[in-house]
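In the numbering used here, the protein residues as written are 10 to 124.
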């Protein structure tokens, strides 16, 4: 008589991912955007959102860069979707991904922005 045996099956999931160098380039662009501060309240709001995006990207980068070369695109996009709410704030994303492998990605595919 055979005994019951537990078999562990691994399943793989395919997710879009980006290279660590791309995340670093996006993070660097966010850092460069922190050099500009506007005196009005809207500019201050943009600055705070940009600083939050930079901080979250930096935390994400530090969490994976030493262990793997790729990170899920959803994780990177979450840094933006956590901080961008309105359509006129989408420039925070477009400026950050400018001249990177992520420049063709549409923010609207990840979040519904208010007008």
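Using N, Cα and C, we set each Cβ at its ideal position, and we do this for glycine too.
Residue of the options minimising C-alpha distance to residue i
| i | options | result |
| --- | --- | --- |
| residue 40 | 14, 61 and 21 | 61 |
| residue 119 | 102, 107 and 12 | 102 |
| residue 64 | 48, 121 and 38 | 38 |
| residue 108 | 13, 18, 34 and 48 | 34 |
| residue 25 | 74, 50 and 85 | 85 |
First through last residue of the alpha helix (DSSP H) which encompasses residue i
| i | result |
| --- | --- |
| residue 37 | 29–42 |
| residue 85 | 82–90 |
| residue 106 | 100–106 |
Within 8 angstroms, strictly: CB atoms of residue i and residue j
| i | j | result |
| --- | --- | --- |
| residue 58 | residue 92 | yes |
| residue 66 | residue 111 | no |
| residue 87 | residue 42 | no |
Opposing strand residues paired with residue i [DSSP bridges]
| i | result |
| --- | --- |
| residue 95 | 123 |
| residue 59 | Answer is none; residue 59 lacks a bridge partner. |
| residue 79 | 28 |
Cβ-heavy atom distance, residue i to the ligand ADP, below 7 angstroms
| i | result |
| --- | --- |
| residue 113 | The model on display carries no ligand, and the ligand ADP is accordingly not part of it. |
Legend entry - Inter-stretch contact at 8 angstroms, needing at least 3 Cβ pairs: the segment 27–44 / the segment 79–88: yes
Legend entry - Stretch pair the segment 92–111 + the segment 67–77: three plus CB contacts closer than 8 angstroms: no
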